[in-house]
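To start, the structure under review is shown below, and the notes come after it.
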Amino acid sequence: MFKKICLYSVIMVLSIMILSSTIIAEERPVQVSLFNPVQIFPEGDAITGLRINILYGRNTTVKGLDIGLVNHNTSGVSKGLQYGFVGIVDADFVGWQDNAVNIVKKNFEGFQSGIVNYAHHASGVQFGFVNYAVSMKGLQIGLVNIIKQGGAFPVFPVINWSF
220 MFKKICLYSV IMVLSIMILS STIIAEERPV QVSLFNPVQI FPEGDAITGL RINILYGRNT
280 TVKGLDIGLV NHNTSGVSKG LQYGFVGIVD ADFVGWQDNA VNIVKKNFEG FQSGIVNYAH
340 HASGVQFGFV NYAVSMKGLQ IGLVNIIKQG GAFPVFPVIN WSF
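Each residue of the sequence shown is one higher than the one before, counting from 220 in our numbering.
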């Protein structure tokens with residue numbers, strides 16, 4: 220009898236651990252954030268739909284519309300439109316980043332428009348005053364355009380490219 224109770228207890232604890240780990244990493248359709256951690260869902264959740272960041276929002280990924288003062292995505296691939304003052308993506312982004320400052324620390328694919336645009340590897344177009352990519356397949360249009368590796372020019376005003 221004691222062995223059965225222990226076995227059932229172990230099964231119950233394991234089940235709760237498995238269920239709670241899947242609940243923690245859910246995709247949510249809407250997020251509203253004053254500043255992290257004062258937001259509807261925790262930063263470990265992914266948002267698929269709409270995220271509104273009044274001051275600062277932080278989640279793993281956003282797929283859809285991401286608007287606010289500071290928009291921060293930490294992992295995975297974010298897709299869609301990011302619009303605000305500062306957009307920070309610690310991983311990959313696909314779509315349109317339209318912030319005053321755009322930062323994608325890994326792979327960017329699409330269109331970046333802002334005062335300062337940065338991508339580690341960019342595929343697409345960067346349009347701003349200062350554009351920087353470590354490597355790129357695409358076009359930069361702006362006052363200062365920098366493609367660290369493989370660009371037509373390492374630094375060039377008005378337009379720079381790499382194909």
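We treat Cβ as the ideally placed atom computed from N, Cα and C, and that holds for glycine. Note that the structure is a prediction, hence the values are computed from the model and not measured.
Cα-Cα separation, residue i to residue j
i, j, result
"E245", "I378", "42 Å"
"D317", "A371", "25 Å"
"I252", "I273", "The question names Ile, but residue 252 is Ser in the sequence shown. Approximately 6 Å between the Cα atoms of the pair."
"F375", "G306", "25 Å"
"P373", "V257", "42 Å"
"V363", "A341", "16 Å"
"I266", "D309", "16 Å"
"Q359", "A338", "12 Å"
"I384", "G287", "In the structure displayed, the chain extends from 220 to 382; residue 384 sits before or after that span and is not available."
In DSSP terms, what residue i is bridged to
i, result
"A338", "V323 and A352"
"N318", "G303"
"F330", "W315 and V344"
"I360", "F346 and I378"
Nearest candidate by alpha-carbon position, reference residue i, set the options
i, options, result
"A319", "N290, K298 and I271", "N290"
"K325", "S294, G343 and I286", "S294"
"G303", "F327, G357, Y275 and G268", "Y275"
"G343", "V335, G268 and G357", "G357"
"V335", "S297, F327, N350 and L269", "N350"
Residue i - containing beta strand (DSSP E), residue span
i, result
"A265", "A265 to N278"
"I378", "V374 to S381"
"N292", "V281 to N292"
"F304", "V296 to V308"
"F254", "E246 to F254"
Spatial neighbours of residue i in its chain, beta-carbon cut-off 7 Å, leaving aside the 5 residues before and after
i, result
"S332", "D317, F346 and G347"
"G299", "V281, K282, G283, L284, D285 and G314"
Close beta carbons around residue i, own chain, < 6 Å, minus the five adjacent residues each side
i, result
"F260", "R247 and Q250"
"R277", "N255, E262 and H291"
"G369", "S354 and S381"
"I366", "A352, M355, N379 and S381"
"I322", "I307 and Y337"
"S297", "T280, V281, V308 and F312"
"I242", "Confidence at I242 is low in this model, with a pLDDT of 46, below 50, so the placement of that residue should be treated as unreliable; the coordinate-derived value is given next. Answer for I242: no residue qualifies."
"F330", "W315, G343 and V344"
"Q301", "D285, N290 and Q316"
Closer than 8 Å: residue i CB and nearest the ligand GDP heavy atom
i, result
"A310", "Within the structure as shown, the ligand GDP is missing, as the structure has no ligands at all."
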